[in-house]
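Residue numbers (my numbering): 67 to 352.
All residues carry an ideal CB built from backbone N, CA and C; glycine is no exception.
Data first, discussion second: the structure below is written as structure tokens.
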Amino acid sequence: MKKSIIVASILFSFVLVYSVGAQEVLPNTGAASKAIRENVRESIKDAREGLKQNIKNEREVLKTQREATKMEFETKREEAKNRIELEREGFKQKFEARKEEAKNKFEADREVMKTRLLKIKDERKKQAVEKIANQIKELNERTLNQLSEKLDKIGKVLGRITSRADKAESRGLDVSSVRTAVLSAEKTITDARESITLQAAKTYTVLMATSTDGTLKKDVGGARQALHADLVKVKDMVKSAHEATRNAATTLAKIKGVDDKDDDRNENNGQENNDNSTSTGTSTSQ
67 MKKSIIVASI
77 LFSFVLVYSV
87 GAQEVLPNTG
97 AASKAIRENV
107 RESIKDAREG
117 LKQNIKNERE
127 VLKTQREATK
137 MEFETKREEA
147 KNRIELEREG
157 FKQKFEARKE
167 EAKNKFEADR
177 EVMKTRLLKI
187 KDERKKQAVE
197 KIANQIKELN
207 ERTLNQLSEK
217 LDKIGKVLGR
227 ITSRADKAES
237 RGLDVSSVRT
247 AVLSAEKTIT
257 DARESITLQA
267 AKTYTVLMAT
277 STDGTLKKDV
287 GGARQALHAD
297 LVKVKDMVKS
307 AHEATRNAAT
317 TLAKIKGVDD
327 KDDDRNENNG
337 QENNDNSTST
347 GTSTSQ
């Protein structure tokens, strides 16, 4: 568009110079001067109209291209949104199923624990064991629910990064490095979700078949330590997903002009050039 404007401006300037030069060559009689002025006005008017038409045509082409690009962008964004939503719903269903499995297994284990507690003579220890078993179960569920919610938030952030990358690509920017970072982040999110579903199905035995009053503290402590070690692994997976998403955001931010609105600026420049040419032609013809 800029090239067409420059060419039209050169032609406009040539007509103006030629017409003014003609004033100097021809005798400066009243009738001749009037004819020259009329010719100058008509030439400037024609040049101005041609310039305005060229700008209008170029803007129409640009508008059509921009609308097509916008439609493509909207289609990609909707497809990405649907894919992310399907993945999230699939994870949620799997997660709930694993929690139900763990709940059923916990109920079965509790019946076994009650039988084993018959060998324990200290009533306070019996109550403590049952309480700790419930605490371990609740801590596992609560922590996994929190991590699941955190992954949902991370996924939404990654979706916005992808959307911005699509928009930047539609303006001709190279976002290949961002695509690579986004794919890496998506994989870490998938892996983290898988670790959550696996952890959700786990239960922990606080009372062994061989447990006695003397070994009870050690056995219960072992169950707590096992839960802690497992949750640390899951937390590390979620942390990796967060870091990978942050890396994708950083990679996007490093792309020069990623937040520019070139289309709007080009349109405004075209309008400004159009207005300037009209103003110049009007002032010259007066």
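Could you name each continuous alpha helix (DSSP H) segment of 4 residues or more that falls completely within the stretch 138-203, going from the start of the chain to the end?
-> When DSSP assignments are scanned along the stretch 138-203, no uninterrupted stretch of alpha helix (DSSP H) that is 4 or more residues long falls wholly within it.
Is DSSP giving I321 helix, strand or coil here?
-> The three-state secondary structure of I321, taken from DSSP, is coil.
Compute the Euclidean distance between the alpha carbons of E36 and Q201, then round it to the nearest angstrom.
-> Here the chain has residues from 67 to 352 only, and residue 36 is not among them.
Cα-Cα separation, G137 to A267 | Looking at the sequence shown, residue 137 is not Gly but Met. Answer to the nearest angstrom: the Cα atoms are 44 Å apart.
Excluding sequence positions up to five away, which residues of its chain have a Cβ less than 6 Å from the Cβ of L249?
-> Cβ neighbours of L249 beyond the five flanking positions: none.
Give a yes or no on whether the C-beta atoms belonging to T228 and A307 are separated by under 7 Å.
-> Their beta carbons are not under 7 Å apart, which means T228 does not touch A307 by this criterion.
Three-way DSSP call (helix, strand, coil) for V241 in this model = Secondary structure of V241 (DSSP, three-state): coil.
Would you call the stretch 208-216 and the stretch 296-303 touching, i.e. three or more CB-CB distances under 8 Å?
-> In short, these stretches touch, since the Cβ pair count reaches three.
Between V241 and A314, which are expected to be in contact by the criterion C-beta below 8 Å, what is the C-beta distance as a whole number of angstroms?
-> That belief does not hold up - the Cβ atoms of V241 and A314 are roughly 11 Å apart, past 8 Å.
Would you kindly work out how many angstroms separate the C-alpha atoms of L293 and K203, rounded to a whole number?
-> Computed Cα separation, rounded: 9 Å.
When DSSP labels each residue in this structure, what does T130 get in the three-state scheme?
-> T130 falls in the helix class under three-state DSSP.
Rounded to whole angstroms, what's the CA-CA distance from A275 to R182? Just pull it up for me.
-> Computed Cα separation, rounded: 6 Å.
Tell me, to the nearest whole angstrom, how far the beta carbon of D218 is from that of R154; I am working on the premise that it is less than 8 Å.
-> Yes, D218 and R154 are in contact; Cβ-Cβ is about 7 Å, under 8 Å.
Straight-line CA distance for A319 to G288?
-> When only Cα atoms are considered, A319 and G288 end up about 47 Å apart.
Taking the CB atoms as reference points, tell me whether T271 and K171 lie closer together than 7 Å.
-> At least 7 Å separates the beta-carbon of T271 from that of K171.
Own chain partners of E304 with C-beta closer than 7 Å, once the 5 adjacent residues on each side are dropped | For clarity, residue 304 is Val in the given sequence; the question names Glu instead. Same-chain partners within the cutoff: L213, K216, L217, A258.
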